[in-house]
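Visitor: For the sequence shown, the positions run 1057 to 1191 when this note's numbering is used.
Just so you know, even glycine gets a beta-carbon here, dropped at the ideal spot from N, CA and C.
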Amino acid sequence: MTVIESSINLRAESNFYDIKNLENETELYFLLDTPFVEDKKDQFEVSFLCDKSSILRVQDKAANCFFLDEPLVINDRFQLTFSLLEGEGNFMAHLSYAGKDQTIKDPMGAFDWKIGLRTIRRDLPCRILAKLVLI
1057 MTVIESSINL
1067 RAESNFYDIK
1077 NLENETELYF
1087 LLDTPFVEDK
1097 KDQFEVSFLC
1107 DKSSILRVQD
1117 KAANCFFLDE
1127 PLVINDRFQL
1137 TFSLLEGEGN
1147 FMAHLSYAGK
1157 DQTIKDPMGA
1167 FDWKIGLRTI
1177 RRDLPCRILA
1187 KLVLI
């Protein structure tokens, strides 16, 4: 699913259940309603991919992780924020390289940035908001 424009591509690994397109922003809602498996290898339940040439900043600095409600700025054009709307849990957002999403046809590029919300622990159910704002 493309959000706002083609430079951001969303891959949802959890129960995506609603989207609201507002002026200059998109709100994506996720329901985490399956039991949390602590020994699962990949604990990213919500993740985004963006082009490897993107510049990612947290508090105006390069970073590899950030917290809930802490904005991530992408190319000085977008601001992405994860928020916990309902439930209890510990989450940490991480930035890493990931394999190219097969829905993007770019034979020259092998890797994208993965922006993932990692679950450390949580109860059932949890509702997550991912807000993407054009700045």
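#1: Work out the CA separation of E1083 and M1057 for me, nearest whole Å.
#2: On the DSSP bridge list, what partners appear for R1177?
#3: Go through its chain and collect everything with a Cβ distance to R1183's Cβ below 8 Å, but skip five positions before and after it.
#4: Kindly indicate which residue of G1145, N1146, H1150 has the alpha-carbon position closest to the one of L1136.
#5: Residue range of the beta strand (DSSP E) that T1090 falls in?
#6: Kindly indicate the opening and closing residues of the beta strand (DSSP E) around I1184.
Guide: On the basis of the supplied data:
#1: In this prediction, M1057 has a pLDDT of 45, which is less than 50 and means its spatial position is unreliable; nothing more can be read from the coordinates.
#2: By DSSP's assignment, R1177 forms a beta bridge with N1146.
#3: Y1085, F1086, L1087, L1088, L1140, L1141, E1142, G1143
#4: H1150
#5: It is not in any beta strand (DSSP E) - T1090 carries neither H nor E in the DSSP assignment.
#6: 1182-1190
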